[in-house]
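Undergrad: I have a structure I would like to understand better, so I am pasting it below and will then ask my questions one at a time.
Numbering (the working numbering), first residue to last: 193 to 374.
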């Protein structure tokens with residue numbers, strides 16, 4: 193999830209479940225702050241799933257935060273003052289390593305259903321979709337670093353390249369080769 197600064201306005205960009213196309217006038221200065229998964233909902237006091245696939249004015253979502261955050265530096269101060277939930281980091285690490293939702297829930301000492309509810313509130317989607325998004329992000333990082341397509345698929349935990357291809361296209365709207373693979 194992100195805060196987007198566009199002139200005098202600040203918007204919240206919720207978690208995306210697919211590609212999002214945005215067009216702005218060419219003379220527009222836009223900057224953004226991408227938050228660690230699970231952190232922005234804590235700062236805003238709004239469950240992430242209420243903002244999934246949406247971009248809304250920050251003042252409509254969290255008026256008190258909107259009064260404090262006018263530029264990216266203000267967002268950094270909010271990040272530094274926010275205390276993230278203790279389960280977010282371990283959840284992201286477990287799912288990133290390939291652990292199943294059941295294994296992650298067991299590790300955290302909660303039920304799979306409880307993990308799902310927590311993930312929806314913090315990330316905007318359940319643990320399985322979060323795992324796919326984290327895996328695609330890892331694959332894109334590998335591709336940008338110059339890894340070959342087949343190696344990237346294996347290193348990112350995919351059974352084969354077509355599996356990687358489907359996930360990347362579904363989430364980004366681009367083919368994996370667009371991210372710099374050789």
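All C-beta atoms in this analysis are idealised placements derived from N, C-alpha and C, irrespective of residue type, glycine included.
Looking at the structure shown, is residue 347 part of a helix, part of a strand, or coil, going by DSSP?
TA: Within the chain shown, the letter at position 155 stands for residue 347. Helix, per DSSP.
Undergrad: Assign residue 249 to one of two classes, buried (16 or more other C-beta atoms within 10 Å of its C-beta) or exposed (fewer than that).
TA: The residue given as residue 249 occupies position 57 in the chain shown. Of the other Cβ atoms in all chains shown, fewer than 16 fall within 10 Å of the Cβ of residue 249; this residue is therefore exposed.
Undergrad: For the alpha helix (DSSP H) containing residue 202, name the first residue and the last one.
TA: Numbered from 1 along the chain shown, position 10 holds the residue referred to as residue 202. Careful: residue 202 lies outside any alpha helix (DSSP H), inside the beta strand (DSSP E) at 201-205.
Undergrad: On a CA-only basis, which of 303, 302, 324, 234 is nearest residue 290? Give me that one, please.
TA: As a working mapping, residue 290 is identified with position 98 in the chain shown. Of the candidates 303, 302, 324, 234, the one whose C-alpha sits nearest the C-alpha of residue 290 is 324.
Undergrad: For residue 232 and residue 203, what's the separation of their Cα atoms in angstroms?
TA: Translated into positions along the chain shown, residue 232 becomes position 40. Translated into positions along the chain shown, residue 203 becomes position 11. If I take the Cα positions, the gap works out to 12 Å.
Undergrad: CA-CA distance, residue 300 and residue 244?
TA: Locating residue 300 in the chain shown gives position 108, where the first residue counts as 1. Locating residue 244 in the chain shown gives position 52, where the first residue counts as 1. In a straight line, the C-alpha of residue 300 is about 25 Å away from that of residue 244.
Undergrad: Could you tell me the alpha carbon to alpha carbon distance between residue 369 and residue 210, rounded to whole angstroms?
TA: In the chain shown, the residue the question calls residue 369 occupies position 177. In the chain shown, the residue the question calls residue 210 occupies position 18. Their backbone Cα atoms lie some 18 Å apart in a straight line.
Undergrad: Return the residue from the list 310, 328, 218 that minimises the CA-CA distance to residue 371.
TA: Here residue 371 refers to the residue found at position 179 of the chain shown. Of the candidates 310, 328, 218, the one whose C-alpha sits nearest the C-alpha of residue 371 is 328.
Undergrad: Please go through the region 316-368 and give each complete alpha helix (DSSP H) segment of 4 or more residues, from N-terminal end onward.
TA: 319-336, 341-347, 353-364
Undergrad: So, is residue 222 buried or exposed, given that buried needs 16 or more other C-beta atoms within 10 angstroms?
TA: By 1-based counting over the chain shown, the position of residue 222 is 30. Its Cβ having fewer than 16 others within 10 Å, residue 222 is exposed.
Undergrad: Is it a yes or a no for the region 250-259 touching the region 280-299, going by three-plus beta-carbon pairs under 8 Å?
TA: no
Undergrad: Less than 8 Å between the beta carbons of residue 317 and residue 205, yes or no?
TA: Taking the chain shown and counting its residues from 1, the one referred to as residue 317 is at position 125. Taking the chain shown and counting its residues from 1, the one referred to as residue 205 is at position 13. Cβ atoms of residue 317 and residue 205: not closer than 8 Å.
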